[in-house]
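**Q**
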Amino acid sequence: PLPSKARPPAKAPAAAAAPVPTVAPVPAVAPAPAAGAVVPGVPLVPDTPITWPTGRLADHEFADLVREVYSRHWNGLLTLNHMGVEKSVRVQDGRLVFAFSSARDDRLGELLLRRGRITLHQYVEASRAMRKGIRLGTILVEQGALDARELVKVVMDHTQEIIYSAFQWTEGLYHFTDGGGSPEPIMLKLSTPDAILEGIRRIDSWSRIERAVGSMETRYLRARGYEKVLSEMTLSLEKLSILTGLDVEQDVGTICKSSTLSHYEVCRTLWAYRVIGVVQRLA
Numbered sequence: 005p006l007p008s009k010a011r012p013p014a015k016a017p018a019a020a021a022a023p024v025p026t027v028a029p030v031p032a033v034a035p036a037p038a039a040g041a042v043v044p045g046v047p048l049v050p051d052t053p054i055t056w057p058t059g060r061l062a063d064h065e066f067a068d069l070v071r072e073v074y075s076r077h078w079n080g081l082l083t084l085n086h087m088g089v090e091k092s093v094r095v096q097d098g099r100l101v102f103a104f105s106s107a108r109d110d111r112l113g114e115l116l117l118r119r120g121r122i123t124l125h126q127y128v129e130a131s132r133a134m135r136k137g138i139r140l141g142t143i144l145v146e147q148g149a150l151d152a153r154e155l156v157k158v159v160m161d162h163t164q165e166i167i168y169s170a171f172q173w174t175e176g177l178y179h180f181t182d183g184g185g186s187p188e189p190i191m192l193k194l195s196t197p198d199a200i201l202e203g204i205r206r207i208d209s210w211s212r213i214e215r216a217v218g219s220m221e222t223r224y225l226r227a228r229g230y231e232k233v234l235s236e237m238t239l240s241l242e243k244l245s246i247l248t249g250l251d252v253e254q255d256v257g258t259i260c261k262s263s264t265l266s267h268y269e270v271c272r273t274l275w276a277y278r279v280i281g282v283v284q285r286l287a
């Protein structure tokens with residue numbers, strides 16, 4: 005018999021390929037905003053340090069300093085100094101609750117006299133009766149010039165006027181002092197966005213408004229998360245319409261034409277909206 009056909013030797017099983025180590029993808033990192041930048045619609049972390057603890061008002065508008073304390077829910081005293089005059093604003097959880105001023109024209113008696121709420125005789129008599137630890141408002145109540153219930157509103161109006169006057173300052177120094185401080189018997193319940201809106205509304209300097217808003221070609225857009233801040237604001241229908249119309253990009257010229265407000269008022273409102281964080285300036 006013929007020998008059986010030789011069979012080729014069986015092939016050895018191929019060695020398993022060594023596993024290739026996998027590398028987790030590295031997530032893209034967005035560039036960090038510039039130091040001190042406030043991103044519209046994105047609130048800052050509460051209780052973080054103030055970006056500019058001391059400085060000059062020529063470099064940082066008072067409105068921007070108020071935005072700082074609001075974004076951080078800050079507690080303390082914000083003090084301005086210029087030409088021997090000092091204005092201080094007490095801040096509690098990011099709200100402006102009280103204010104002091106060393107300027108004579110900022111005093112309560114002068115305010116009431118200007119508004120015709122007290123007579124010159126009442127003003128002089130109350131000023132003469134001033135004594136340590138007793139404020140003029142209390143003396144006016146004691147003398148019958150003011151009703152005790154009216155005093156609360158008078159003090160709150162006086163406090164707001166001091167705060168709004170600080171928005172007018174463009175020169176001088178400022179500094180922040182951390183800490184709660186002693187509570188005042190009468191404190192404001194004004195929302196900080198409303199305070200910024202009204203403070204800027206009282207600014208009449210076009211050069212400041214133009215610098216803050218930009219040219220007619222500067223574009224604006226409503227910021228993400230604007231609804232939260234909007235819930236804290238009291239807006240007229242005309243000013244609300246500016247905000248609702250910015251769901252798409254628009255330049256300043258178009259925004260002005262679309263509003264029933266004067267173009268001057270539209271620009272002031274845009275400035276306030278940008279500071280508050282409900283709109284963002286794109287270019």
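In the working numbering, the protein residues as written are 5 to 287.
Even glycine gets a Cβ: it sits at the ideal position worked out from N, Cα and C.
Near G218, what residues of its chain come up, given a Cβ to Cβ distance below 7 Å and the 5 sequence neighbours on each side ignored?
**A** As a position in the sequence shown, residue 218 is number 214, starting the count at 1. Closer than 7 Å at Cβ, skipping near neighbours: V256, R285.
**Q** In chain order, which beta strand (DSSP E) runs of at least 3 residues are fully inside the segment 99-136?
**A** 99-105
**Q** Can you name the start and end residues of the alpha helix (DSSP H) that S75 belongs to?
**A** The residue given as residue 75 occupies position 71 in the sequence shown. Its alpha helix (DSSP H) spans residues 66-76.
**Q** Around the Cβ of P187, are there at least 16 other Cβ atoms within 10 angstroms (buried) or fewer (exposed)?
**A** For the purposes of this step, residue 187 is taken as residue 183 along the sequence shown, with counting starting at 1. Result: exposed.
**Q** By the DSSP assignment, the alpha helix (DSSP H) with R345 in it spans what residues?
**A** Because the chain here runs from 5 to 287, residue 345 falls outside it and cannot be looked at.
**Q** For T58, which residues from the same chain have a beta carbon less than 6 Å from its beta carbon, with the 5 sequence-adjacent residues on both sides left out?
**A** The count along the sequence shown starts at 1 and reaches residue 58 at position 54. So the qualifying residues of the chain are H179.
**Q** What does the alpha-carbon distance come out to for the pair I200 and R215?
**A** As a first step, residue 200 is located in the sequence shown; it is residue number 196 there, counting from the start. As a first step, residue 215 is located in the sequence shown; it is residue number 211 there, counting from the start. Each residue's Cα considered, the two are about 17 Å apart.
**Q** Output yes or no for whether 8 Å exceeds the beta carbon distance between V159 and A152.
**A** As a working mapping, residue 159 is identified with position 155 in the sequence shown. As a working mapping, residue 152 is identified with position 148 in the sequence shown. Not closer than 8 Å, so no.
**Q** How far does the alpha helix (DSSP H) with V95 in it reach, from first residue to last?
**A** As a first step, residue 95 must be located in the sequence shown, where it is residue number 91. No alpha helix (DSSP H) holds V95; the beta strand (DSSP E) holding it covers 89-96.
**Q** Tell me the DSSP secondary structure of D198 in three-state form.
**A** Counting from one through the sequence shown, the residue named residue 198 turns up at place 194. Here D198 sits in helix by DSSP.
**Q** Kindly list the residues whose CB is nearer than 7 Å to the CB of A73, restricted to its own chain and excluding five residues on each side of it in sequence; keep chain order.
**A** The residue you call residue 73 lines up with position 69 of the sequence shown. Ala is not the amino acid found at residue 73; the sequence shown has Val there. In chain order, L82, V95, G98 place their CB closer than 7 Å to the CB of V73, counting only its own chain and leaving out the 5 sequence neighbours on each side.
**Q** How would you call W78, buried or exposed, if buried means at least 16 neighbouring beta carbons within 10 angstroms?
**A** Counted from its first residue, the sequence shown places residue 78 at position 74. Per the 10 Å Cβ criterion, buried.
**Q** Using DSSP with H/G/I as helix, E/B as strand and the rest coil, what is D63?
**A** As a working mapping, residue 63 is identified with position 59 in the sequence shown. Shown here, D63 sits in coil according to DSSP, grouped into three states, outside any helix or strand.
**Q** For L177, write down the residues that DSSP places opposite it in a beta bridge.
**A** As a working mapping, residue 177 is identified with position 173 in the sequence shown. L177 pairs with R60, N85.
**Q** So R278 is in the alpha helix (DSSP H); what residue range does that whole segment cover?
**A** Within the sequence shown, numbered from 1, the residue matching residue 278 stands at position 274. Per DSSP, the continuous alpha helix (DSSP H) segment holding R278 begins and ends at 267-280.
**Q** Would you mind sorting Q172 into buried or exposed? The rule is 16 or more other CB atoms within 10 Å of its CB.
**A** Mapped onto the sequence shown, residue 172 falls at position 168. So Q172 ends up on the exposed side.
**Q** What do you get for W210, buried or exposed, if any count of 16 or more other CB atoms within 10 angstroms of its CB means buried?
**A** Start at 1 with the first residue of the sequence shown, and residue 210 comes out as number 206. Exposed.
**Q** Between which two residues does the alpha helix (DSSP H) harbouring R206 extend?
**A** The count along the sequence shown starts at 1 and reaches residue 206 at position 202. Here R206 belongs to no alpha helix (DSSP H), and DSSP marks it neither H nor E.
**Q** Put I138 into one of helix, strand or coil per three-state DSSP.
**A** As a working mapping, residue 138 is identified with position 134 in the sequence shown. The answer is strand: DSSP assigns I138 an E or B state.
**Q** The beta strand (DSSP E) spanning V283 covers which residue range?
**A** What you label residue 283 is simply residue 279 of the sequence shown in a count that begins at 1. It spans 283-285 - the beta strand (DSSP E) in which V283 sits, taken as one unbroken run.
**Q** So, does the segment 191-205 touch the segment 247-254, judging by three or more C-beta pairs under 8 Å?
**A** no
**Q** Please go through the same chain and pick out, in chain order, the residues whose beta-carbon is closer than 8 Å to the beta-carbon of T52, but skip the five residues on each side of it.
**A** Stepping through the sequence shown from its first residue, residue 52 is reached at position 48. So the qualifying residues of the chain are R76.
**Q** For R226, which three-state DSSP category applies?
**A** Counting from 1 along the sequence shown, the entry for residue 226 is found at position 222. If DSSP states are grouped into helix, strand and coil, R226 belongs with the strands.
**Q** My output table needs one value for Q164: the three-state DSSP class, helix, strand or coil.
**A** As a first step, residue 164 must be located in the sequence shown, where it is residue number 160. In the structure shown, Q164 sits in a helix (DSSP, three-state: H, G or I).
**Q** Is Y230 near V282, with beta carbons less than 8 Å apart?
**A** On the sequence shown, residue 230 is found 226 positions in, with the first residue counted as 1. On the sequence shown, residue 282 is found 278 positions in, with the first residue counted as 1. For Y230 and V282, yes; Cβs fall inside 8 Å.
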